[in-house]
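Chemist:
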Amino acid sequence: MALDTLIQRIAEEAEKEKAEILARAESEAAAIIAQAKAEGRQEAEKIRERGEKERARLREKILAAARREARMHITNAKEESIALCMEAIKDKMRALTGGEYQKIVEERIAQALDTTEGMYMIATRKEDRSIAQKLGIEVKGEREGIGGVILKSADGRMEIDLTFDFMLESERDTIRRMIARKLLEQT
């Protein structure tokens, strides 16, 4: 019977060792699973945070683009308004007639003639011929324009542009700033 007892003891010890190994394995498996779950939660949190940051970045990018586009529309609208105002100024200058037009042109010619002599005139309107005749200035041609005249020296070395077109162009930036200021006051 000693052999049976020995076999039984070995079997019991093997069973006990098997149970211990299984318990350790289950314990290790549970620990590995718990660690994997914790790591999974951490990784999921990191992914969520990155997603939040990316969402916020995209939101800011979209808002910045929308702001730029809005500023562009406002700027375009202001530029269009300024262009319309500049055109309205040209139309008003083009519409000057009679005594009002004659007075402006005569004053500008008189100022220019104070510093020069022996000039002839290039006209932009029919009324300019009568102004030239009144001031004793020879007219030697016409040029397309909204008003005013060009004075030239007989030798061709000097030219004084007194046209409304030139005046508007030379004062363009100043006029644009004045219009822009007025537009800002209205908004």
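In the numbering used here, the protein residues as written are 27 to 213. Positions of the beta carbon are idealized from the N, C-alpha and C atoms, including for glycine. Fair warning: this is a prediction, and the values are worked out from it, not measured in the lab.
(1) Classify M17: buried if its beta carbon has 16 or more other beta carbons within 10 angstroms, exposed otherwise.
(2) Determine the burial state of R67: buried for a count of at least 16 other Cβ atoms within 10 Å of its Cβ, exposed for fewer.
(3) So I176 and D191 are supposed to be a Cβ contact under 8 Å. How far apart are they, rounded?
(4) DSSP state of K79, grouped into three classes?
(5) Just how far apart, CA to CA, sit M193 and Q159?
(6) Taking only runs that begin and end inside the stretch 84-154, name each unbroken alpha helix (DSSP H) of 4 or more residues, in chain order.
(7) Please report the straight-line C-alpha distance between E95 and A103, rounded to a whole angstrom.
(8) Classify G173 as buried or exposed, calling it buried when 16 or more other Cβ atoms lie within 10 Å of its own Cβ.
(9) Quick check on L210: does DSSP put it in helix, strand or coil?
Modeler: Let me lay it out:
(1) Because the chain spans 27 through 213 in this model, residue 17 falls outside it and cannot be assessed.
(2) By one-based count along the sequence shown, residue 67 stands at place 41. Under this definition R67 is an exposed residue.
(3) If you number the sequence shown from 1, residue 176 lands on position 150. If you number the sequence shown from 1, residue 191 lands on position 165. Wrong, their Cβ atoms sit about 10 Å apart, outside the cutoff.
(4) What you label residue 79 is simply residue 53 of the sequence shown in a count that begins at 1. Helix at K79.
(5) Taking the first residue of the sequence shown as position 1, residue 193 is located at position 167. Taking the first residue of the sequence shown as position 1, residue 159 is located at position 133. M193 and Q159: Cα-Cα distance of roughly 23 Å.
(6) 124-139
(7) In the sequence shown, counting from the first residue as 1, residue 95 sits at position 69. In the sequence shown, counting from the first residue as 1, residue 103 sits at position 77. Going by the C-alpha atoms only, they are around 12 Å apart.
(8) Stepping through the sequence shown from its first residue, residue 173 is reached at position 147. By the 10 Å Cβ count, G173 comes out buried.
(9) On the sequence shown, position 184 is the one that residue 210 refers to. If DSSP states are grouped into helix, strand and coil, L210 belongs with the helices.
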